[in-house]
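What follows is a single structure, written as C-alpha cells, with notes after it.
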Amino acid sequence: MFHKLIDRKGFSDLLKDDMTIMIGGFLACGTPETLVDIILEKGVKNLTIICNDTAFADKGLGRLIAARQVSHVITSHIGTNVETGKQMVEGSIKVDLVPQGTLVERIRCAGAGLGGVLTPTGVGTIVEEGKQKMTVEGVDYLLELPLRAELALIGGSIVDKAGNVVYNATTRNFNPIMAMAADTVVVEAQKLVEIGEIQPELVMTPSPLVNHIFVSEKR
Amino acid sequence: MFHKLIDRKGFSDLLKDDMTIMIGGFLACGTPETLVDIILEKGVKNLTIICNDTAFADKGLGRLIAARQVSHVITSHIGTNVETGKQMVEGSIKVDLVPQGTLVERIRCAGAGLGGVLTPTGVGTIVEEGKQKMTVEGVDYLLELPLRAELALIGGSIVDKAGNVVYNATTRNFNPIMAMAADTVVVEAQKLVEIGEIQPELVMTPSPLVNHIFVSEKR
Amino acid sequence: MIEDINLAKTIIAKRIAREFKDNQLVNLGIGLPTLVANHIPAGINVIFQSENGIIGMGPAPQPGHENPDITNAGGALVTVLPYGCYFDTAMSFALIRGKHVEYTVLGALEVDQEGSLASWIIPGKKVPGMGGAMDLVVGAKNVIVSTLHTERGKPKILKKCSLPLTAKHVVNMIVTELAVFRVTPGGLALIEVNKDSSVDEIRANTAADFIVADNLKTMEL
Amino acid sequence: MIEDINLAKTIIAKRIAREFKDNQLVNLGIGLPTLVANHIPAGINVIFQSENGIIGMGPAPQPGHENPDITNAGGALVTVLPYGCYFDTAMSFALIRGKHVEYTVLGALEVDQEGSLASWIIPGKKVPGMGGAMDLVVGAKNVIVSTLHTERGKPKILKKCSLPLTAKHVVNMIVTELAVFRVTPGGLALIEVNKDSSVDEIRANTAADFIVADNLKTMEL
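Line by line, the protein sequences are chains A, B, C and D.
Just so we're aligned, residue 1 is where the first sequence starts under the working numbering, counting upward by one.
Just so we're aligned, residue 1001 is where the second sequence starts under the working numbering, counting upward by one.
Just so we're aligned, residue 2001 is where the third sequence starts under the working numbering, counting upward by one.
Just so we're aligned, residue 3001 is where the fourth sequence starts under the working numbering, counting upward by one.
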C-alpha cells in the first residue's frame, strides 16, 4: 500500500546536476542533514538552492555551498556562512536575497496554486526592483510570484510509514511549506513510526505530499 | 496575567447593530453555538456575516438568518438553509457568493497583512465580474482582496486559560483563519484546561490572537 | 437507454472507480460521486480527501461510534482511517488548488464539448452557491464529470453550456451510464460505450459534437 | 556622552523594557534588542515571539536541559514557556505582517528623521541579507529602533539614510543611551533626555532635524 522508504542509493539516484532544490531548516535547525551528506557524496553540481538561510560552512545546507556545488541560492540571509559571501564577491555564486516573509509566501503560492501575492514588505527599498507595484485601497504593495522546485528536502521529527509528518518545536519552520511546492518531496525522518501512531490533528504534512521517506542517520 | 474569561453578559456587551462578524464552522460543525444563542437573545440587527455556509435554519449560524438579524452574508454556500434563499429572493438579505478556496484566502490575506492574492478560481465565470484580471506566465488569475471583520467567533475544542486553541477533527475548518482576521476574537471553549496542558506543537491558534474565552454551555 | 436510475448510477460509479491507481488522492462530490467509494477495486487503496479538512476519510461510523466532530463536506458523520489527518480550510484548498489532488469527481447541470462545466446555479430558480466546486475543478489534476446521460429526456452533454459556468475548459472526462468521453485538444472523443448501448444511441442522446475514438472500447465495470 | 558601551546598552534595554504593557506580543532582534528581555519590570508579562516559529519564548536552557530542536531566530538554544506554542514560517510571518505583533525592537546601521531604517546591507562590504527584518518593521504595530547614539563618533540618527533601506517611514520610536525620540507626522521629536545628558549634547551628536517636545522628560530607567 504505502511503499515510500528509500535508502542512500534511492535518494542519490534522484539527484542530478543543475537541479533546483528546496531545503528546509532555519540556521540548520530542522535541516535533513543526512540528505545533505548524500548530496555532498554524489557531488552533483550547479545546483539552485531555495532556503531560509545558508546556515554555516560546516553545518546544514551551507556545506553544499562550501563544497561549491551551488551556483544560485534564493534565500533571506547569508550572514552566518562566510563561504556564501566570499563566493558572491568572487562571482561564482548568484545570490537572490528575499525577505523571509515574502520567501515563505512565494513558496506557499507555488504549493497552493496561487499566481502571486501582494505584500507591503519591500516597498520603497531595492527589493521592489523589477517587480510590479500595485495600490489597493491606498496602500502600496509588491506583486510577488510563486517559487517552485524539482525537489524538496524536508527534516521530519516523527514520520509514519504512510508519510505523515510531525515537526518538533522550531524544526517546523519552512519544512511544511516547502513540502507542498516541489515535484518530488523527500523527508528525512528522525523517528519512523507505524501508521496510526500519530494523532491525526497533529499531522503537519499530510502523507500524500511525501514521495519518499529516508530514515535519518543522525542522532 | 491572562484574564480572558467572559460570561454571557461580557459577550453580549460586545455586540452591536450593523456589525461585521466572522463565524467559524462548516455546516455547523465547529460553530460556537452558545455565542450564536446570545446573539439571538440580544437581537442585534443588520449584521454582515462572513462564513463558509449559512448552515441550517435551526442549527449553526443559520439561526441568525432565520431570525432576520442578518442583512448581508458573504459565503460560499447557502443551499442547506431555506431561509437564506427565501430572503434573497425577497430582497431582504444581500448574498455574496464566493468560492470556498477564495473565501479562505481572502480572510487569510486580511489576517496576514497581504494586500491580495491571485487565484485561477473563477476565471471565465461570473465570479470574475468587477475584479482585476492578471496574466502571470501565460495563466489568467483574478486578484482577490482581503476580507476582515470587527468580530470573529470561533469554536474551540480545547482551550487553555491563556487562550491557546486546539480544534478536534473537522471542527477546525475556517476557525484558525478567522481568528487572525478580526479586531476582536472570541473563542467558545468546549473544554477549558489549565496553561501547560496543551502540547505546544498542537496549538492551532496561538493565545495572543484570542481576546476572550467563553466556556460553552453545549455538550 | 437504461431506465433504472439506480442501475445507471451504479454503472457510472463502478466505471469511475476503475480510473484510480493505488495511493491516489481523490475528492468525491456530494450525491452520485459519493457512490464511487463503494466500488474501488480490490488491491487499490484510494485516499479520500474531504474539502472541509480530511485526508484519509473512511466510511460512515458504526452505530454507537458517531463523533459529531468528524463530518464530511456534505455535513454527514464519517470516520478517519489510521493513516488520515485533519487540517484547516486554507490548507485544504492549498492542496486542492495546488494540484495535489489527483482526481475530483463531481456532478453537472450541464457539461459541454469544450470541457466547460455548469453545476452551481440556475439563475432565478436554484442558487445553492459554488461551495468548493470552482476550486476543485480548477485545481485537481484530473476532473471527471459523473452524470446521467440525459435528464427528463434532455441531453446533459451540450455543444456549449447555457447556465453560468463553474469553470471553463477544465473537464478531462465525462462518464455516463452509456458512455465515456474524453475532452481532447481535438474536441470531445467517445472512447467507451456501454455493452447495452451503441454509438447511434449515444449520438441521439448527446447534444454535443464528438468524434469516435479509433480504439473505441466497451465500458468495463 | 556615556563612554562605557555596556552601560549604554543597558540604559537602552532598560528604557525600552518600560514601553511594554502586560500580555503584549513582542519580537526582539538579534544583538542589543535581546538585552531588553532581561529588564522587563516586575508584574508585567511580555510574550516573546521568535520569527522562526515560537510564541512564549523563554530564556536559555539550564545546563543539561538543552534541546537542539528549540532554537531562536539567531540560532541559539532557548526554551518555551508553559503558555507557549510553535508554528511554521508562513504562520509566523502572517502574525508579523498582519499586525498581531505589538512591538518589534531592532538595531540600525542608520535611522532617519522620516522614520526610515537601514539595517541589512552595506553594499560591497557587508551583505548578510534582510532575514525577517523587512517584514517585521512593515508589519509590527510599533517599531522601536535601539541604537547607540553614535558609532565611532558619528551620529546614527540622520536627516536621510544613505544606505539601502530596510523600510521607508516605519519607525515609531528611537531609543539611544542619551535620548528617546518619537517619529511624528510633524517630524522627529525629542521626548526624553538621559539625566546625565542635555539637549545641547544630543543636538551635537544627532545629524537629523528634531523638535524638542513641550513636555520633555528625563529618561526613566
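Cβ atoms here follow ideal geometry from the backbone N, Cα and C, with glycine treated the same way.
**OP:** Could you tell me whether any Cβ in chain D is nearer than 7 angstroms to the Cβ of I1126 (chain B)?
**Re:** If you number the second sequence from 1, residue 1126 (chain B) lands on position 126. No, I1126 (chain B) lies away from the interface with chain D (no Cβ there is under 7 angstroms from its Cβ).
Original post:
Apart from the five residues on each side of it in sequence, which residues of its chain come closer than 7 angstroms, Cβ to Cβ, to V1082 (chain B)?
Top reply: Here residue 1082 (chain B) refers to the residue found at position 82 of the second sequence. Around V1082 (chain B), the same chain offers A1057 as residues with beta carbons nearer than 7 angstroms, after the five sequence neighbours per side are excluded.
Original post:
Is the beta carbon of H1077 (chain B) less than 7 angstroms from the beta carbon of D1053 (chain B)?
Top reply: Here residue 1077 (chain B) is taken as the residue at index 77 of the second sequence, counted from 1. Here residue 1053 (chain B) is taken as the residue at index 53 of the second sequence, counted from 1. Yes, the Cβ-Cβ distance between H1077 (chain B) and D1053 (chain B) is below 7 angstroms.
Original post:
G2031 (chain C) by DSSP, collapsed to three states: which one?
Top reply: Position 31 of the third sequence, counted from the start, is the residue given in the question as residue 2031 (chain C). Coil at G2031 (chain C), not helix or strand.
Original post:
By the 10 Å Cβ neighbour count, where 16 or more other Cβ atoms means buried, how is K2014 (chain C) classified, buried or exposed?
Top reply: Reading the third sequence from its first residue, position 14 is the one you call residue 2014 (chain C). Label assigned to K2014 (chain C): buried.
Subject >> Candidates D:G3187, D:N3023, D:M3001 and D:R3203: closest to G1163 (chain B) by CA position >> reply: Taking the first residue of the second sequence as 1, we reach residue 1163 (chain B) at position 163. Comparing Cα-Cα distances from G1163 (chain B) to each of D:G3187, D:N3023, D:M3001 and D:R3203, the minimum goes to D:N3023.
Subject >> Nearest-angstrom Cβ-Cβ length linking L1064 (chain B) and I1039 (chain B), presumed shorter than 8 angstroms >> reply: Looking up residue 1064 (chain B) in the second sequence gives position 64. Looking up residue 1039 (chain B) in the second sequence gives position 39. Between I1039 (chain B) and L1064 (chain B) the Cβ distance is about 6 angstroms, and since that is below 8 angstroms, they are a contact.
**OP:** Answer yes or no: does any C-beta atom of chain C fall closer than 7 angstroms to that of A57 (chain A)?
**Re:** Start at 1 with the first residue of the first sequence, and residue 57 (chain A) comes out as number 57. The beta carbon of A57 (chain A) does not come within 7 angstroms of any beta carbon belonging to chain C, so the residue lies off that interface.
**OP:** Go ahead and pull the three-state DSSP assignment for C3161 (chain D).
**Re:** Numbered from 1 along the fourth sequence, position 161 holds the residue referred to as residue 3161 (chain D). C3161 (chain D) falls in the coil class under three-state DSSP.
**OP:** Compare the C-beta of Q132 (chain A) with all C-beta atoms of chain D and state if any pair is closer than 7 angstroms.
**Re:** By one-based count along the first sequence, residue 132 (chain A) stands at place 132. Not closer than 7 angstroms to any Cβ of chain D, the Cβ of Q132 (chain A) fails to qualify, so no.
Original post:
Quick one: is K1218 (chain B) buried, meaning 16 or more other Cβ sit within 10 Å of its Cβ, or exposed?
Top reply: On the second sequence, residue 1218 (chain B) is found 218 positions in, with the first residue counted as 1. Result: exposed.
Subject >> Below-7 angstroms beta-carbon distance, C29 (chain A) vs any chain D residue >> reply: Translated into the one-based positions of the first sequence, residue 29 (chain A) becomes position 29. At least one chain D Cβ lies under 7 angstroms of C29 (chain A).
Original post:
Hey, out of D:L3188, D:E3201 and D:L3163, whose CA is closest to V3171 (chain D)'s CA?
Top reply: What you label residue 3171 (chain D) is simply residue 171 of the fourth sequence in a count that begins at 1. The residue with the shortest Cα to Cα distance from V3171 (chain D) is D:L3188.
**OP:** Could you name the residues that DSSP lists as bridge partners for E2192 (chain C)?
**Re:** As a first step, residue 2192 (chain C) is located in the third sequence; it is residue number 192 there, counting from the start. Its beta-bridge partners are C:V2180 and C:K2217.
Original post:
Thinking just about the alpha-carbon of each residue, which of B:C1029, B:T1135, B:Q1069 and B:A1112 is nearest to the one in L1118 (chain B)?
Top reply: Within the second sequence, residue 1118 (chain B) is the residue found at index 118, counting from 1. Among B:C1029, B:T1135, B:Q1069 and B:A1112, the Cα nearest to that of L1118 (chain B) belongs to B:T1135.
**OP:** Using a Cβ-Cβ cut-off of less than 9 angstroms, give me the residues of the region 2086 to 2118 of chain C that come near chain A, in sequence order.
**Re:** Y2086, F2087, A2090, M2091, F2093, A2094, L2095, I2096, R2097, G2098, K2099, H2100, V2101 and E2102
**OP:** Report yes or no: do three or more beta-carbon pairs, one from the region 20 to 34 of chain A and one from the region 179 to 193 of chain A, lie closer than 8 angstroms?
**Re:** yes
**OP:** Specify the secondary structure class of Q2024 (chain C) as computed by DSSP and reduced to three states.
**Re:** Against the third sequence, residue 2024 (chain C) aligns to sequence position 24. Q2024 (chain C) falls in the coil class under three-state DSSP.
Subject >> Classification of T1171 (chain B) by the beta-carbon crowding that lies within 10 angstroms, buried from 16 upward >> reply: One-based indexing of the second sequence puts residue 1171 (chain B) at position 171. Classification of T1171 (chain B): buried, given that the 10 Å Cβ count is 16 or more.
**OP:** Please list the partners that N3027 (chain D) has in chain B, where partner means a Cβ-to-Cβ separation under 8 angstroms.
**Re:** Reading the fourth sequence from its first residue, position 27 is the one you call residue 3027 (chain D). The contacting residues do not exist; N3027 (chain D) stays about 12 angstroms from chain B at best.
**OP:** Express the C-alpha separation of P2059 (chain C) and V2193 (chain C) in angstroms, rounding to a whole number.
**Re:** For the purposes of this step, residue 2193 (chain C) is identified with residue 193 of the third sequence, where counting begins at 1. For the purposes of this step, residue 2059 (chain C) is identified with residue 59 of the third sequence, where counting begins at 1. Distance between the alpha carbons of V2193 (chain C) and P2059 (chain C): 31 angstroms.
**OP:** Take the Cβ of I2211 (chain C) as the centre, count every other Cβ of all protein chains shown within 10 Å, and call the residue buried at 16 or more, exposed below.
**Re:** Here the question's residue 2211 (chain C) lines up with position 211 in the third sequence. By the 10 Å Cβ count, I2211 (chain C) comes out exposed.
Original post:
Can you name the start and end residues of the beta strand (DSSP E) that D2200 (chain C) belongs to?
Top reply: For the purposes of this step, residue 2200 (chain C) is taken as the residue at position 200 of the third sequence. DSSP places D2200 (chain C) in no beta strand (DSSP E) but in the uninterrupted alpha helix (DSSP H) bounded by V2199 to A2204.
Original post:
Alpha carbon to alpha carbon, how far is D160 (chain A) from L209 (chain A)?
Top reply: Looking up residue 160 (chain A) in the first sequence gives position 160. Looking up residue 209 (chain A) in the first sequence gives position 209. D160 (chain A) and L209 (chain A): Cα-Cα distance of roughly 13 angstroms.
Original post:
Hey, is T119 (chain A)'s beta-carbon within less than 7 angstroms of any beta-carbon in chain B?
Top reply: Mapped onto the first sequence, residue 119 (chain A) falls at position 119. Interface residue, yes.
Original post:
Distance, Cα to Cα, L3148 (chain D) vs E3110 (chain D)?
Top reply: For the purposes of this step, residue 3148 (chain D) is taken as residue 148 along the fourth sequence, with counting starting at 1. For the purposes of this step, residue 3110 (chain D) is taken as residue 110 along the fourth sequence, with counting starting at 1. When only Cα atoms are considered, L3148 (chain D) and E3110 (chain D) end up about 11 angstroms apart.
Original post:
Which first and last residues belong to the alpha helix (DSSP H) in which P176 (chain A) is found?
Top reply: Numbered from 1 along the first sequence, position 176 holds the residue referred to as residue 176 (chain A). Note, P176 (chain A): alpha helix (DSSP H), N175 to M178.
**OP:** On a CA-only basis, which of B:I1158, B:S1216, B:I1050 and B:S1157 is nearest P1146 (chain B)? Give me that one, please.
**Re:** As a working mapping, residue 1146 (chain B) is identified with position 146 in the second sequence. Of B:I1158, B:S1216, B:I1050 and B:S1157, the residue nearest in Cα terms is B:I1050.
Original post:
Hey, M1019 (chain B) and L1047 (chain B): beta-carbon distance below 7 angstroms or not?
Top reply: Sequence index remark: in the second sequence, residue 1019 (chain B) carries index 19 (1-based). Sequence index remark: in the second sequence, residue 1047 (chain B) carries index 47 (1-based). Taking 7 angstroms as the Cβ cut-off, M1019 (chain B) and L1047 (chain B) qualify as a contacting pair.
Subject >> Within chain F, partners of L3165 (chain D) - CB distance below 7 angstroms >> reply: Structure shown: chain F not included; protein chains present are A, B, C and D.
Original post:
Going along the chain, which unbroken runs of the alpha helix (DSSP H) with 4 or more residues stay wholly within the region 165 to 209 of chain A?
Top reply: You should have 175 to 178.
**OP:** For A3042 (chain D), count neighbouring C-beta atoms within 10 Å of its own C-beta (all shown protein chains included) and say buried if the count is 16 or more, exposed if not.
**Re:** By one-based count along the fourth sequence, residue 3042 (chain D) stands at place 42. Exposed, since its Cβ has fewer than 16 Cβ neighbours within 10 Å.
**OP:** Look up C109 (chain A) in the DSSP assignment and say whether it is helix, strand or coil.
**Re:** Taking the first sequence and counting its residues from 1, one reaches residue 109 (chain A) at position 109. Three-state DSSP puts C109 (chain A) in a helix.
**OP:** Rounded to whole angstroms, what's the CA-CA distance from I3054 (chain D) to D7 (chain A)? Just pull it up for me.
**Re:** Residue 3054 (chain D) sits at position 54 when you count from the first residue of the fourth sequence. Residue 7 (chain A) sits at position 7 when you count from the first residue of the first sequence. Roughly 33 angstroms separates the two Cα atoms.
**OP:** State yes or no: is the C-beta of V2171 (chain C) nearer than 6 angstroms to some heavy atom of the ligand HEM?
**Re:** This structure does not include the ligand HEM; it has no bound ligands of any sort.
**OP:** Excluding the 5 residues preceding and the 5 following W3120 (chain D) in the sequence, name in chain order all residues of the same chain whose CB lies nearer than 7 angstroms to its CB.
**Re:** Here residue 3120 (chain D) corresponds to residue number 120 of the fourth sequence, with the count starting at 1. Here the set comprises P3128, G3129, M3130, A3133 and T3166.
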